[in-house]
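Going down the list, the sequences are from chains A and B. The opening residue of the first sequence carries number 1 in our numbering; numbering runs sequentially from there. The opening residue of the second sequence carries number 1 in our numbering; numbering runs sequentially from there. Built from N, CA and C at the ideal position, the CB exists for glycine as well. From a predicted model like this one, the values you see are computed outputs, not experimental measurements.
Number of protein chains: 2
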Amino acid sequence: MKVSNLPLGPEEARKVAGQLNYRHNGRVTVVVQDSSTGEVLMVASANREAVEKTLTTGMMYYWSTERNRLWQKGETSGHYQFLKELYVDCDFDALLVKVRQIGGACHRGYRTCFYRKLEGATFKEEENLK
Amino acid sequence: MKVSNLPLGPEEARKVAGQLNYRHNGRVTVVVQDSSTGEVLMVASANREAVEKTLTTGMMYYWSTERNRLWQKGETSGHYQFLKELYVDCDFDALLVKVRQIGGACHRGYRTCFYRKLEGATFKEEENLK
Chain A
1 MKVSNLPLGP EEARKVAGQL NYRHNGRVTV VVQDSSTGEV LMVASANREA VEKTLTTGMM
61 YYWSTERNRL WQKGETSGHY QFLKELYVDC DFDALLVKVR QIGGACHRGY RTCFYRKLEG
121 ATFKEEENLK
Chain B
1 MKVSNLPLGP EEARKVAGQL NYRHNGRVTV VVQDSSTGEV LMVASANREA VEKTLTTGMM
61 YYWSTERNRL WQKGETSGHY QFLKELYVDC DFDALLVKVR QIGGACHRGY RTCFYRKLEG
121 ATFKEEENLK
């Protein structure tokens, strides 16, 4: 399997970002997976600008619905994500990115945002993910 | 790691589904991962009814935005998904499910919906996923 040639130049990034379908409020869904362990770290969304910034910098950018602005993962925490591989789904409205995660992906201090597992009828925190 | 005790009874399922935050048009995002390989298969969304049906049957149900109705994965293709583990994220608005996938997850005949990988500035189909 070839390694993606990232980051891209601005023209190439515009071309790639232009192929996506931003039908969900102008955004695509982004599933983030740790490139070395395969662990799913988080899910977020990105508008076209965020996709282009990601492709031209090689670092993950998202659209923050809470703050209503472009958001670089790690910009305040230092927990940056370096893009290693990028996949698009059959509908072109979701991305799967494999990243090298600095620190924990979750702002609560966990390695992954999915740190609560359903055990019986109760969500239990998995302390070993801290 | 304990194995989740699935499926649940209707009361338990209602309780679990009631803890989720359906703030995105009444739905949660669902990331689907193969329980044995860790491969991300697809991303979809589920309303409260779909979550309850999933929990009471042990099989994956989603909300189809195209068909505007509850949808059991595999209902027409036979490519059912059996729920093995379920995680919720820090915001309670996204689920990560680990499933046993029957056949391919993608309606295009691929094992995963994420069968196109960015190589340079081009999305290339990975034929080995068929």
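Extent of the continuous alpha helix (DSSP H) to which residue i belongs
i, result
"Thr56 (chain A)", "48-57"
"Glu12 (chain B)", "10-18"
Test: residue i CB closer than 7 Å to a CB of chain B
i, result
"Gly96 (chain A)", "Just to set this straight, residue 96 (chain A) is Leu in the shown sequence, not Gly. By this cut-off, Leu96 (chain A) is an interface position."
"Asn5 (chain A)", "yes"
"Phe123 (chain A)", "yes"
"Phe114 (chain A)", "yes"
"Gly120 (chain A)", "yes"
"Gly38 (chain A)", "yes"
For residue i, the first and last residue of its enclosing beta strand (DSSP E)
i, result
"Lys130 (chain B)", "Where Lys130 (chain B) is concerned, there is no enclosing beta strand (DSSP E), given that its DSSP letter is neither H nor E."
"Lys73 (chain B)", "Careful: Lys73 (chain B) lies outside any beta strand (DSSP E) and carries neither H nor E."
"Phe82 (chain B)", "81-88"
"Asp34 (chain B)", "28-34"
8 Å Cβ shell around residue i - same chain, five flanking residues per side excluded
i, result
"Asp93 (chain B)", "Leu20, Asn21, Tyr22, Arg23, His24, Val28, Thr29"
"Ser77 (chain B)", "Gly103, His107"
"Pro10 (chain A)", "Glu52, Thr56"
"Glu39 (chain A)", "Gln33, Arg111, Thr112"
DSSP bridge partner residues for residue i (one or two, in chain order)
i, result
"Met60 (chain A)", "None; Met60 (chain A) has no bridge partner."
"Leu95 (chain A)", "A:Val30, A:Val88"
"Ser45 (chain A)", "A:Thr29"
Short CB-CB distance (under 7 Å) between residue i and chain A
i, result
"Gly58 (chain B)", "no"
"Val43 (chain B)", "yes"
"Thr29 (chain B)", "yes"
"Glu12 (chain B)", "yes"
"Tyr62 (chain B)", "no"
"Leu8 (chain B)", "yes"
"Arg108 (chain B)", "yes"
"Tyr87 (chain B)", "yes"
"Val99 (chain B)", "no"
"Lys15 (chain B)", "yes"
Spatial neighbours of residue i in its chain, beta-carbon cut-off 7 Å, leaving aside the 5 residues before and after
i, result
"Glu49 (chain A)", "Leu70"
"Pro7 (chain B)", "Leu55, Thr56, Thr57, Gly58"
"Ala41 (chain A)", "What sits at residue 41 (chain A) in the sequence shown is Leu, not Ala. These residues qualify, in order along the chain: Val32, Gln33, Asp34, Gln101, Ala105, Thr112, Cys113."
"Glu127 (chain B)", "none"
"Ala13 (chain A)", "Glu52, Leu55, Thr56"
Contacts around residue i, its chain only, beta-carbon distance under 6 Å, and the 5 residues preceding and following it disregarded
i, result
"Lys73 (chain A)", "Met60, Gln81"
"Arg111 (chain B)", "Gly104, Leu129"
"Leu96 (chain B)", "Val31, Tyr87"
"Asn47 (chain A)", "Gly26, Arg27, Trp63"
Within chain E, partners of residue i - CB distance below 8 Å
i, result
"Gln19 (chain B)", "Absent from the structure: chain E. Protein chains present are A and B."
task = List in chain order: all unbroken beta strand (DSSP E) runs of 3+ residues lying wholly within the segment 97-123 of chain B.
result = Segments of the beta strand (DSSP E) lying fully in the segment 97-123 of chain B: 116-119.
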